[in-house]
Amino acid sequence: MAQPSSQGSFEQNGRHPTGELRLARDVLTFHVSDEEYGIGIEHIREIIKHRVVTEVPRVPGFVAGIIAVRGLVMPVLDLRQRLRMRSVGVSQKSRILIVSRPATGNESVAEEERERFGLIVDRVSEVVRIHETDIEPPTVLSGKESDFVEGIGRIRSEVDESSRREMRIGPGMITTEPQRIIILLDLVKVLSFEVIRSGRML
Amino acid sequence: MAEQGSDKVRDEFLSESQEIIEQLNRDLLAVADACLGRDPSTEGIRVDPDLINSAFRAVHSLKGLAGLSGVERMMHMSHHVENLLDSLRLGKVLLTPHVLDLLFEAIEHYQLICAEVADHSLHAASQPSAIVDDFVNRVNRAANPAAKAPAKSSSEPSPSDFELDPGLVSALTEYEEHRLKENIRTGKNLYRILGSFPLLSIDVELENIKASLKPVGEVIAIVPGSSGTDPERIELEVLLGSQHNSSAIVGAVGNAPAKVLQVTKRGVPSSGMSLSPEHSGSLNTQGIAGRSQSSLRSGTGSIQQPSQVQLPQQPIKEPPPSDNDGESDVGGGRQEPGHTLKSVSQTVRVDIRKLDVLMNIVGELALTRSGMQAVHDELRRDRVRAELARALQDELRALTRKLDELQAGILAVRMVPLQQVFDKLSRVVRRMSREAIGKDIHFVVSGGDTKLDKLIIEELSDPLMHLIRNAIDHGIEDQQLRLARGKPAAGTVAINAEQRGNHVVLEIEDDGNGIDTQALVQRAVARGQISEEQARDMTRAEIYELMFLPGLSTRAVADETSGRGVGMDVVKTNISRMAGIIEVDSEPGHGTRLTITLPITLAIIQALVIRAAGRSYAIPLNSVMESLMLDYKQIRTIERREVITLRDQTLPLVRLEDIFSLQRPPEMAEPTHGYVVVVALAQNRLGLLVDDLVGQQDIVIKSLGKTLQGIPGIAGATELGGQQTALVLDVRAVAEEAMPRISEVA
Chain A
3 MAQPSSQGSF EQNGRHPTGE LRLARDVLTF HVSDEEYGIG IEHIREIIKH RVVTEVPRVP
63 GFVAGIIAVR GLVMPVLDLR QRLRMRSVGV SQKSRILIVS RPATGNESVA EEERERFGLI
123 VDRVSEVVRI HETDIEPPTV LSGKESDFVE GIGRIRSEVD ESSRREMRIG PGMITTEPQR
183 IIILLDLVKV LSFEVIRSGR ML
Chain B
44 MAEQGSDKVR DEFLSESQEI IEQLNRDLLA VADACLGRDP STEGIRVDPD LINSAFRAVH
104 SLKGLAGLSG VERMMHMSHH VENLLDSLRL GKVLLTPHVL DLLFEAIEHY QLICAEVADH
164 SLHAASQPSA IVDDFVNRVN RAANPAAKAP AKSSSEPSPS DFELDPGLVS ALTEYEEHRL
224 KENIRTGKNL YRILGSFPLL SIDVELENIK ASLKPVGEVI AIVPGSSGTD PERIELEVLL
284 GSQHNSSAIV GAVGNAPAKV LQVTKRGVPS SGMSLSPEHS GSLNTQGIAG RSQSSLRSGT
344 GSIQQPSQVQ LPQQPIKEPP PSDNDGESDV GGGRQEPGHT LKSVSQTVRV DIRKLDVLMN
404 IVGELALTRS GMQAVHDELR RDRVRAELAR ALQDELRALT RKLDELQAGI LAVRMVPLQQ
464 VFDKLSRVVR RMSREAIGKD IHFVVSGGDT KLDKLIIEEL SDPLMHLIRN AIDHGIEDQQ
524 LRLARGKPAA GTVAINAEQR GNHVVLEIED DGNGIDTQAL VQRAVARGQI SEEQARDMTR
584 AEIYELMFLP GLSTRAVADE TSGRGVGMDV VKTNISRMAG IIEVDSEPGH GTRLTITLPI
644 TLAIIQALVI RAAGRSYAIP LNSVMESLML DYKQIRTIER REVITLRDQT LPLVRLEDIF
704 SLQRPPEMAE PTHGYVVVVA LAQNRLGLLV DDLVGQQDIV IKSLGKTLQG IPGIAGATEL
764 GGQQTALVLD VRAVAEEAMP RISEVA
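Protein sequences appear in the order of chains A and B.
Going from the first sequence to my numbering is simple: count from 1 and add 2.
Going from the second sequence to my numbering is simple: count from 1 and add 43.
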């Protein structure tokens, strides 16, 4: 995993254990198609290289199938399809993010017992810290994609003057380059879907 | 979470009480067995007090456990049942069928209480309940039959007339004292058998000596003897009542390291003689000398002195026995040293989920092993390292062997004998045959030592119970009819278990009416579950299959009042959930036989790995009948459904890619031949058309997780090694889907 910034989580935990006063969050960013998405690192269990996914019948198209990781069988979602983008094949850079279903409401399932899912992404970038003040609500968007968007995070440029100088294009022109946009995924919604079930439950 | 702690206490309570209740059930069945063939109406029955004692201990343990866990109701009830058992073993109450019924009823109350605790909490059963109170009242009435105990005749001989150490007499339990008096009253000779036993093998030694003494007399009590000097050994004294003379007793003791002393009546000089021929130093003569001295002294010195007076002084006056008294009082189980020692039992109760975790680890180790095998294969190609590769291969082989043993070991822990279930069934049959008017049931059980996975055993008891009830309610005719048919008056219901390879086959057989196929078909037609047209050309096997339709069990046809409203459909569902198969065979007028085939364990199953449309699937081997190669030219169609003819029978075919709508990879040509895997679904056969058979292997079935669980046709997933996962087919679901006639109605 790319520099999981232990300092960052200290700040997070230290300052606001209740989550109420959360000022910043650490987010793992990754690419799906040419957009950059992010999921809070607290949901990420592991990142593995792409491996053969066993197809499962009678499931929605975005369920690529199942894999077994450390003896645990879990569904794998093709995030492109889940986000209603066109699916492309996997590449060298494809990864599977192993996430655990976030606790909802006041349920108290132990971390180890939460259901795991694999998410196929095109490329994993890094862990960044995004300040709450830099997160916009998804209402700025319209359209279906916003179903899964929790917010839109912006990362202020931390580039130094020298690179800023290089970017200067000309007098009077404003560049938006130093601002990175990260789409924060609502993991609960991404992971909630139904499959056809038989009456008999095992 | 405070709840979790109390849950744990509750689980402990439940598993422990369940174990004791089962033991109690076995004890009571043994008591009932001992009563068989005797006429209870005249004098009641005397049974081996050991049996009653064992039952008493079970109830006593339940009382203790209930007290500890705050299950007031169970404690209260146990207390009174204990009284009844106590009266029984003291001979105050005779064992009549009524008393036996009460005792069996106790088990049901125990189980109701357990069920309530399981459903709610320990507190749920802390309140009194009217049902239990009523039961307790009846128990009390039985335990105190109108206080007609005859006043003790003073002229009868009593223990004080014998040369017995009053310290010894006072150490006897009420029961032992009662038996001692009985033996004296009936003019038996009394013997003391003194021995010293190694602590480690005390259980065995004690059992041996008890067994060898049983034929010659009654073991009244076993008490610790004088304190030994050897901490590794324990001195014991057996008090025996017998009509035989001392040489017979010596003969019975045989080579055991023990010494026989006859207890003489007062006035007659004590003839403490060492009769055991070979005690070869294993006797602690000093201790015994002390002991016999003490009994002599109390015999001569305090003839008229009541024992109560002497007892408190004893510790001061006679050091050797006092040491001993002190010790066993602390131990708290003086009358049964063997029992207290046994309680240091070597069994451990384990949550079965922990075994699952271990099993998972074994599975992963196996995967690691195949990874190592791949490394080895790589290594072998390198000529320079060929030597190393060979060495690695040897190690890998050893590892494989050990892994197999480990897996077998864990599986063995999960195995429990079927006897547990059979015991429960015997009780039900016993009650039913008493309740059912005009029916006498002979219940025959065999193969109770056959072992099955604990989880399967748990799931099995309800279906079996239902089948047995069915056999009694609807199978066995009433006596008049049976006699008229030339059958024995008592109907036989037999259950037999037998292991066959990786399966256990259970047969439930009765010699009753057989299945009325006519009534079954009519009922199915009346309920619209099959058309009249269909009804006309049904095979016998197909008709039996109707039995398993919801709401169509014969139970519903007859006017049956007992039971819990589960039908044969539920029985079948339960059994197939355990990957089992149930088959019916019946001969009108002669009886019915149900055959249930179950896998021994669910944790690991044998599977056939197949390929279809470029994907691998595992098919549980227990549902596979056979597989055969097939040239697709042999496929015919009937109403557009594919079939082949196999041994003069039509076998419907199903393609997995159709059922699961699988896309064949474009580079894969449409095959011209493949394999048919013939699977069985009850009496139906179905051929799964697959591209290739990969092979047979042991697999661990894993759940697909909450979200994907329950997809029709998929039972789970398994790892095949090399990061490859395969789906495990639920053959029953696939077949039901493929055979519309069954799936429509089921």
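Using N, Cα and C, we set each Cβ at its ideal position, and we do this for glycine too.
Bear in mind the structure is a predicted one, so any value in this text is a computation, not a measurement.
Taking 7 Å as the upper bound on Cβ-Cβ separation, chain B lies near residues I69, A70, G73, V75, M76 and P77 of the region 69-80 of chain A.
When DSSP reads this structure, M76(A) sits in a beta bridge with I69(A). In the DSSP annotation of this structure, the continuous segment of the alpha helix (DSSP H) that includes I395(B) starts and ends at I395 to R424. The bridge partners DSSP lists for Y718(B) are M672(B) and V733(B). The Cβ atoms of L664(B) and Q677(B) do not sit closer than 9 Å to each other. Note on S244(B): under 16 other CB atoms within 10 angstroms of its CB, so exposed under the neighbour-count rule. When C-alpha distances from V737(B) are compared across A655(B), A776(B) and V743(B), the shortest belongs to A655(B). Counting only Cβ-Cβ distances below 8 Å, V58(A) has contacts in chain B at L747, L751, I754, I757 and L770, in chain order. For D70(B), same chain residues with a beta-carbon under 7 Å away, outside a window of 5 residues either side, are L94, S97, A98 and A101 in chain order. Taking a beta-carbon distance threshold of 9 Å, E152(A) does not count as an interface residue toward chain B. For E117(A), the C-beta contacts it makes with chain B under 7 Å involve G748, K749 and T750, in order along the chain. Checking the DSSP bridge columns, you'll see L187(A) partnered with V151(A). Residue environment for P59(A): buried (at least 16 other C-beta atoms within 10 angstroms of its C-beta). Counting only runs of 3 or more residues that sit fully inside the region 497-578 of chain B, the beta strand (DSSP E) segments are 533-543 and 546-553, in chain order. Counting only runs that start and end inside the region 435-501 of chain B, the beta strand (DSSP E) elements of at least 3 residues fall at 458-460, 483-489 and 494-496. Between V303(B) and V293(B), the CB-CB gap stays under 9 Å.
Taking 4 residues as the shortest admissible run, the region 109-190 of chain B contains the following complete alpha helix (DSSP H) segments, listed from N- to C-terminal end: 115-132, 140-162 and 173-186. Under the three-state reduction of DSSP output, Q740(B) falls in the strand class. For I236(B), the secondary structure class from DSSP, reduced to helix, strand or coil, is strand. Under the Cβ criterion of 9 Å, R53(A) is counted among the residues facing chain B. Between the C-alpha atoms of G730(B) and T693(B) there is a straight-line separation of about 10 Å.
Membership of R658(B) in any alpha helix (DSSP H) is not indicated; the residue belongs instead to the beta strand (DSSP E) covering R658 to P663.
Look at the region 718-732 of chain B: it has no residue with a C-beta under 7 Å from a C-beta of chain A.
Annotation for Q83(A): the continuous alpha helix (DSSP H) segment containing it runs L81 to R84. DSSP places S285(B) in the strand class (E or B) of the three-state scheme.
Interface residue (Cβ-Cβ distance to chain B less than 9 Å): V61(A) is classified as such. Contact note: F486(B) does not reach chain A at a C-beta cutoff of 8 Å; the least C-beta distance is about 32 Å.
In chain order, T56, V58, I68, A70 and V75 make up the part of chain A whose C-beta sits under 9 Å from the C-beta of A760(B). Collapsing the DSSP output to three states places D204(B) in a helix.
Neighbours of I185(A) in chain B, taken as residues whose beta carbon is under 8 Å from its own, are absent, since the nearest beta carbon is some 23 Å off. Under the DSSP assignment, V777(B) falls in the alpha helix (DSSP H) whose first and last residues are V774 to A781.
At a cut-off of 9 Å, the C-beta of L193(A) has a neighbouring C-beta in chain B. For I618(B), the enclosing alpha helix (DSSP H) covers residues M611 to R620. In terms of beta-carbon proximity, V190(A) stays away from the interface with chain B, with every pair separated by 9 Å or more. Closer than 9 Å to the CB of I198(A) there is at least one CB belonging to chain B. Below 8 Å, enough C-beta pairs join the region 255-270 of chain B and the region 217-225 of chain B to call them touching: three or more.
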